[in-house]
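Letter by letter, the sequence shown follows residues -24 to -1, 1 to 187 in mature numbering (1 follows the signal peptide of the UniProt record, and there is no 0). For reference, the structure is listed below as structure tokens.
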Amino acid sequence: MIPIRKFTLTAFAILSLGLAGCSASTEDDSATTADTAASLSTPESETSSESTTVVTTTEEDPTPETTVEEESSPNPSIDATADAGPTLVDPARFSMDGPYVFDYATQSGETGTCLLTPDGATCTGVPAADVPDITYAPFAGQRPGAVSASMGGIHYTILEGVPPAPAQLQPGEKLVVDATTCEVSQTRDVTCVSGDTSFTVSGADRSITTG
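Set out below in structure tokens:
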């Protein structure tokens, strides 16, 4: 009976070792399977990331084309304004029962007065420093405060006693009285022409230049 007990214990030990070996083998197989799954899943994740990057790049490509189209679009309204000529006004708006009188305003808000007749135009303004003082009565010795253009040429004078103007000549408007014209530019410069002579009153200080 003793040998049988030893065999039984030995068989149990062998059986236990066999089961342990199978368990260890199963754990190794599981670990191997997990490692294989992890190694297989890694390329898929990287491939998915690369695909996302490609899609993002494709969505951003149209943006520069849209920007170029917007920058190259012309503005026809600006060209139309630059090409537009002065608007002729009705002289009756400025009639003073003989002469025609209008006010003008500089960009800084300074104002002046102009008087037109068929023979010429006179506007108030500031002459250059080298323009001599007036030498005729009753203004002898005074600085001129206006300029006149007529068929006889340019001369400096003082414009006094003129009634208030009935209206202001606006930028872009032109007044024509026979051969005499006065025009206010978009920059509020006033230019008057009579025959071959002309003058311009411009700037915030109403500087007079002659042509």
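Beta carbons are placed, not taken as given, at the ideal position from N, Cα and C, and that holds for glycine.
Nearest to T167 by C-alpha distance, out of G74, T87, A97 and P75, is A97.
In terms of CA proximity to A141, F78 leads the group C99, T176 and F78.
Look at the region 55 to 105 and you find these whole runs of beta strand (DSSP E), each 3 residues long or longer: 76 to 81, 87 to 93 and 96 to 100.
Burial is judged here by how many other beta carbons sit within 10 angstroms of a residue's own beta carbon; P114 has fewer than 16 and is exposed. Excluding residues up to 5 positions away in sequence, P62, K150 and T167 lie with their Cβ nearer than 6 angstroms to the Cβ of E159 in the same chain. The C-alpha of S183 is placed about 23 angstroms away from the C-alpha of V152.
Sixteen is the threshold: when 16 or more other Cβ atoms of the shown chains lie within 10 Å of the Cβ of A125, as they do, the residue is buried. If the five residues before and after G148 are omitted, its C-beta is found closer than 8 angstroms to the C-beta atoms of A60, P62, T63, V160, S161 and Q162, all from its own chain and listed in chain order. Rounded to the nearest whole angstrom, the CA to CA distance from L91 to Y76 is 6 angstroms.
If you draw a 10 Å sphere on the C-beta of Y112, you find fewer than 16 other C-beta atoms in it, and that means exposed. Pairing G101 with V169 gives a Cβ-Cβ distance that is not under 7 angstroms. Here the C-alpha atom of I110 lies approximately 10 angstroms from the C-alpha atom of H131.
Collapsing the DSSP output to three states places T111 in coil.
When DSSP reads this structure, V153 sits in a beta bridge with T156. In the structure shown, T163 falls within a coil segment according to DSSP collapsed to helix, strand and coil. Within a 10 Å sphere around the beta-carbon of G88 sit 16 or more other beta-carbons, which makes this residue buried.
Exposure of D73 is indicated by the presence of fewer than 16 other C-beta atoms within 10 angstroms of its C-beta.
A check of alpha carbon separations from S84 across T185, D181, G187 and T186 identifies D181 as the nearest. Cβ-Cβ distances below 6 angstroms link T185 to T176 in the same chain, with the five nearest sequence neighbours on each side left out; the list follows chain order. Distance between R69 and A143, taken at the CA atoms: about 7 angstroms.
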